Amino acid sequence: MKKCEYCAKEISYHEMYCSDECQNSANEFYEMREKYQKAFSIINGIFVLAIGICIFLYAFTRGIGALGAAVSMIILGVMYLFLPFPPEIMIHKFKLKKAIFLSRVIAGILILIAVVVLILYFTKVI
39 MKKCEYCAKE ISYHEMYCSD ECQNSANEFY EMREKYQKAF SIINGIFVLA
89 IGICIFLYAF TRGIGALGAA VSMIILGVMY LFLPFPPEIM IHKFKLKKAI
139 FLSRVIAGIL ILIAVVVLIL YFTKVI
């Protein structure tokens, strides 16, 4: 059986979505992604690069490296929470609803790691 492109429920081969609600939700997501994709990509690229640079700087100046990486991870995590744009391969494998949920879980984990780094930094462990 074919599955709904949004919620992954089984549907007939002649349909793409199981209900109008799923279709509307999917359309809203794709419209939002089209509207914010450029800004998302630019911010994502900048802060992923910043994390890499901060990890490199950590070898020389631990304070700047740890703080910079943590702040960059928090910004990325918050962005992923509000703009959960999973990659197409994730959408194809898990369908849209679950892919968005997984993107938000990953964002939460990213924020949690950043908070742990900040706690370790301010307690002088790292």
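Here the sequence shown is numbered in the numbering used here, starting from 39 and rising by one per residue. We put the beta carbon where it would ideally sit given N, CA and C, even for glycine. Every value quoted in this text rests on a predicted model; they were computed, and no experiment measured them.
Consult DSSP for residue i and reduce its assignment to one of helix, strand or coil.
i: Ile49; result: strand
i: Lys41; result: strand
i: Phe98; result: coil
i: Ser63; result: helix
i: Val163; result: coil
i: Cys56; result: coil
i: Leu119; result: helix
Have a look at residue i and residue j and give me their C-alpha separation to the nearest angstrom.
i: Tyr68; j: Pro124; result: 11 angstroms
i: Ile164; j: Arg100; result: 7 angstroms
i: Ile66; j: Lys162; result: Residue identity differs from the one stated: residue 66 is Glu in this sequence, not Ile. Each residue's alpha carbon lies about 46 angstroms from the other.
i: Phe94; j: Leu87; result: 11 angstroms
i: Tyr51; j: Val109; result: 47 angstroms
i: Phe132; j: Ser57; result: 18 angstroms
i: Ile102; j: Ile80; result: 23 angstroms
i: Lys136; j: Ile147; result: 16 angstroms
If you follow the alpha helix (DSSP H) that residue i is part of, which residue opens it and which one closes it?
i: Phe132; result: Glu126 to Phe132
Near residue i, which residues of its chain fall below 7 angstroms by C-beta distance, leaving aside the five closest residues on each side in sequence?
i: Ala104; result: Tyr96, Val155, Tyr159 and Ile164
i: Tyr55; result: Cys42, Glu43, Tyr44, Gln61 and Ala64
Check the C-beta distance from residue i over to residue j and give it rounded, since I have them as a contact under 8 angstroms.
i: Leu134; j: Asn82; result: Contact doesn't hold; Cβ gap of about 19 angstroms is too wide.
i: Ile112; j: Ile89; result: Actually they do not touch by this definition, with Cβ atoms about 11 angstroms apart.
Going along the chain, which residues of its own chain have a beta-carbon closer than 6 angstroms to the beta-carbon of residue i, five neighbours each way excluded?
i: Ala145; result: Gly115, Tyr118 and Leu119
i: Phe85; result: Ser110, Ile113 and Leu114
i: Tyr74; result: Leu121
In chain order, what residues of the same chain have a beta carbon less than 8 angstroms from the beta carbon of residue i, not counting five sequence neighbours either side?
i: Lys40; result: Glu48, Ile49, Ser50, Tyr51 and Glu53
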